[in-house]
Amino acid sequence: MIPFSWSNPYAWPRKPLLAQNVVATSQPLAAQAGLQMLAGGGNAVDAILATAISLTLVEPVSNGIGSDAYALVWDGRKLHGLNASGRSPAAWMPDYFRGKAAMPARGWDTVTVPGCVSAWVEMHGKFGKLPFRKLFEQAIRYGREGFLVSPTIAGQWQAQVD
């Protein structure tokens, strides 16, 4: 076991080497997808989106298109915030809930429409540089060609079987 020290607080013997661009995530293939966007002329938002899109495939137990999304983006002049938490279904009208003493805690009345994909579209439209379809290329490649499932994900899947 590698001992903890303040000079190297992570349980990894190598220190990171950074030059201009960084993409950090729990899954190396998703980080690679983001870095490829930067190398291909994209900006930080392109990298973020390509990383998130790839994560839905290579680390599906932690996130996915059925999730919500939140973002803070600094454009050099202004801070932008995005709240893409689940929206109410379009057919829900205020009258439906008026007679209730409180919002329900369980059941169909608590279900929202996932906001993740709409967040991708919104962020790309406001801040993206590369064509939207390009952000999906690495995830599509991983899906078609396959990839090694990480030990963490394999362990989580196995725990569900056991």
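When we follow this note's numbering, the leftmost residue of the sequence shown carries the number 7, and every step to the right adds one.
Idealized CB from N, CA, C, for every residue including glycine.
Contact belief for residue i with residue j at Cβ below 8 Å, rounded distance in angstroms
{"i": "residue 37", "j": "residue 62", "result": "No, residue 37 and residue 62 are not in contact; Cβ-Cβ is about 14 Å, not under 8 Å."}
{"i": "residue 144", "j": "residue 60", "result": "5 Å"}
{"i": "residue 53", "j": "residue 40", "result": "4 Å"}
Assigned secondary structure, residue i (DSSP; H/G/I helix, E/B strand, else coil)
{"i": "residue 93", "result": "strand"}
{"i": "residue 210", "result": "Given a span of 7 to 168 for the chain in the structure shown, any question on residue 210 remains unanswerable."}
{"i": "residue 119", "result": "strand"}
{"i": "residue 142", "result": "helix"}
{"i": "residue 110", "result": "coil"}
Proximity test, Cβ basis, 8 Å: residue i and chain C
{"i": "residue 30", "result": "No chain C is part of this structure, which consists of one protein chain only."}
Paired residues, beta bridge with residue i - DSSP
{"i": "residue 80", "result": "85"}
Proximity of residue i and residue j at Cβ, strictly below 8 Å
{"i": "residue 93", "j": "residue 123", "result": "no"}
{"i": "residue 27", "j": "residue 55", "result": "no"}
{"i": "residue 46", "j": "residue 75", "result": "no"}
{"i": "residue 64", "j": "residue 42", "result": "no"}
Proximal residues to residue i (C-beta, below 6 Å), its chain only, five neighbours per side dropped
{"i": "residue 1", "result": "Residue 1 cannot be examined here, being either before or after the span of the chain that is shown, 7 to 168."}
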